[in-house]
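Going left to right, the sequence shown walks through residues 6 to 405 as the UniProt record's numbering numbers them.
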Amino acid sequence: FFAHMKAITPQPVEDLFFRWFQDPSPYKVNLIIGAYRTDEEKPYVFEAVKESERRILSNSNLNKEYIQSSGLDIFNKSSCAILLGKTCPAIIEKRVATFQTLSGSGSLRIGLEFLKTHINPPAVYVSDPSWNNYSLLVNQVGLPLIKYPYWNKLRGELDFDGIINCLQSALEGSVVILQVCAQNPTGVDPTLMQWDRIEQIVKEKKLIPFFDTAYLGWSSGDYEDDAYIVRKFVNNDIQCLISQSFSKCMGLYGERVGALHVVCSNQETAEIVHTNILPIVYTMYLSPPLHGARIVANILSDDELIKQWKNELKFVIQRLKDMRIRLVEELTALNTPGDWSYIVNGIGMFSNLQITPEQCSSLSDKYHCYVLNTGRISICGINTKNIKYVAKSIKAVVEP
Ligand code: PMP
């Protein structure tokens with residue numbers, strides 16, 4: 006049955022990760038993975054998460070029954086409230102259809118399946134560059150993919166004119182995937198004024214925004230402040246889909262916990278949308294996992310735990326900001342050719358090094374600093390112990 010198949014080459018990120026994993030060098034640095042690491046290079050479990058889990062374990066009334074296909078009710082309500090704000094008119098008017106999903110990836114997949122089945126938009130616009138999986142997801146559901154420019158590599162800044170020109174000529178009724186903040190991979194977001202212009206075009210061209218909020222918190226350090234853009238669109242009565250993930254902001258990567266919110270024009274439509282998403286969920290995994298949803302729901306329903314979580318998130322993000330500053334200081338102290346200030350100005354987990362693919366390969370192959378050939382580095386992999394080595398290695402590959 007299966008002999009006719011040809012092997013598919015692994016994603017560059019998987020391939021590189023494997024090479025890093027197997028590298029015996031004591032100097033090796035993982036600049037690949039978008040998952041937070043402490044200064045000691047360890048994964049971090051939030052104290053708020055540990056406390057939430059203690060409460061789950063000590064509650065003898067809890068069981069492990071299936072939950073309904075749309076997910077844990079209290080999780081859906083509290084995750085929607087922290088995202089859109091408790092007083093959001095769309096929530097009060099019951100215009101949001103919410104599903105607990107297998108994190109942001111599951112939310113994007115369910116959302117795109119829903120759009121393909123019930124809207125069949127002429128295209129899905131995805132930024133270039135962007136998180137690689139968007140293209141895979143759009144192709145998988147069989148919708149036409151169009152890339153909109155996002156990044157001016159030469160100038161190391163947002164290609165705002167490119168975004169506007171492309172979206173202005175977009176096919177009416179298309180879907181546009183928009184990362185709300187701390188864009189993966191560039192670490193550069195539109196300004197508030199630029200978002201205003203994007204919103205105008207979304208309205209004019211009747212585009213359906215599909216917001217990806219995977220990195221909420223990673224820009225300002227505050228989850229709710231970073232939700233400003235998505236709240237603004239929703240409060241301006243723009244119907245949209247929102248993918249929410251608790252992987253990065255609560256460090257719950259492996260628990261696969263997130264949500265899909267479909268913001269509709271009225272309650273009746275939201276209820277109908279809800280019934281139409283249910284069969285997509287039944288036929289993929291029946292119902293979502295329980296544990297992660299309980300962890301998040303406990304945190305979001307307790308003011309003390311929310312405070313604890315928010316403080317920890319601030320701390321985590323400050324470490325990365327410090328690393329950005331330190332890296333540029335080290336590169337400058339070494340007289341490394343080039344202007345590296347964009348690293349400090351960047352936001353979130355990633356920065357896009359302005360170096361050639363050959364220089365990237367050399368960083369990985371010769372200096373054990375594993376970086377994708379696009380130049381994307383995860384700041385999470387940098388710490389006070391390896392930062393001098395990383396800077397020296399970058400200098401070595403860029404020096405003529
Ligand atoms: N969106 C973006 C931009 C991402 O970078 C990622 C993960 N790296 C995701 C969504 C999905 O993450 P998860 O499925 O863990 O929520």
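Virtual Cβ for every residue (Gly too), placed ideally from N, Cα, C.
Determine the DSSP secondary structure at residue 93, reduced to helix, strand or coil. When secondary structure is reduced to three states using DSSP, residue 93 falls in the coil class, being assigned neither helix nor strand.
Between the CA atoms of residue 26 and residue 15 - distance to the nearest angstrom: One C-alpha to the other measures close to 15 Å.
For a test of the three-state rule: what should DSSP assign to residue 266, helix, strand or coil? DSSP places residue 266 within a strand segment (E or B) once states are collapsed to three.
Using the rule of at least 16 other Cβ atoms within 10 Å of the residue's Cβ for burial, across every protein chain shown, is residue 323 buried or exposed? So residue 323 ends up on the exposed side.
Buried or exposed for residue 193, going by 16 or more other Cβ atoms inside 10 Å? Buried, by the Cβ-count rule.
Using a Cβ-Cβ cutoff of less than 8 Å, which residues in the same chain neighbour residue 71 once the five nearest sequence positions on both sides are dropped? Scanning its chain for C-beta atoms nearer than 8 Å, with the 5 sequence neighbours on each side dropped, one finds around residue 71 the residues 291, 292, in chain order.
Quick check on residue 86: does DSSP put it in helix, strand or coil? Helix.
Please classify residue 198 as buried or exposed, where buried requires at least 16 other C-beta atoms within 10 Å of its C-beta. With fewer than 16 other beta carbons inside 10 angstroms of its own, residue 198 counts as exposed.
I'd like to know whether the C-beta atoms of residue 69 and residue 295 end up nearer to each other than 8 Å. The criterion of a C-beta distance shorter than 8 Å is satisfied by residue 69 and residue 295.
Any idea if residue 287 is buried or exposed, counting beta-carbon neighbours within 10 angstroms, 16 or more meaning buried? Only exposed fits residue 287, as fewer than 16 other CB atoms lie within 10 angstroms of its CB.
So what's residue 129 in DSSP terms, helix, strand or just coil? Reduced to three states, the DSSP call for residue 129 is strand.
Whether or not the segment 356 to 369 and the segment 383 to 401 are in contact is what I'm after, with contact meaning three or more pairs of Cβ atoms, one per stretch, closer than 8 Å; do they touch? Contact between the segment 383 to 401 and the segment 356 to 369 is present, with at least three C-beta pairs closer than 8 Å.
Identity of the residue in 38, 258, 314, 390 nearest residue 332 by Cα: Comparing Cα-Cα distances from residue 332 to each of 38, 258, 314, 390, the minimum goes to 390.
Which value, in whole angstroms, describes the spacing of the CA atoms of residue 93 and residue 210? About 25 Å.
Would you say residue 232 touches the ligand PMP, meaning its beta carbon is less than 7 Å from a heavy atom? For the ligand PMP, not one heavy atom lies less than 7 Å from the Cβ of residue 232.
Note down, in chain order, each residue of its chain lying with its Cβ closer than 8 Å to the Cβ of residue 329, except the 5 sequence neighbours on either side. Only 348, 349, 351, 356, 384 meet the Cβ criterion.
Given a cut-off of 8 Å on the beta-carbon distance, is the pair residue 130 and residue 155 in contact? Using a Cβ distance threshold of 8 Å, residue 130 and residue 155 do not count as a contacting pair.
Return the chain-ordered list of same chain residues with a C-beta closer than 7 Å to the C-beta of residue 298, the five sequence neighbours on each side being excluded. Contacts found: 76, 77, 80, 105, 262.
Thinking C-beta only, is residue 206 closer than 8 Å to residue 169? A contact, by the Cβ cut-off of 8 Å.
Please give the ranges of any beta strand (DSSP E) in the segment 254 to 310, keeping only runs that are unbroken, at least 3 residues long and fully inside the region. Here the runs fully enclosed are 263 to 268.
Is the beta carbon of residue 100 less than 8 Å from the beta carbon of residue 271? Yes, the Cβ-Cβ distance between residue 100 and residue 271 is below 8 Å.
What are the boundary residues of the alpha helix (DSSP H) that includes residue 108? In this chain, the alpha helix (DSSP H) harbouring residue 108 covers 108 to 123.
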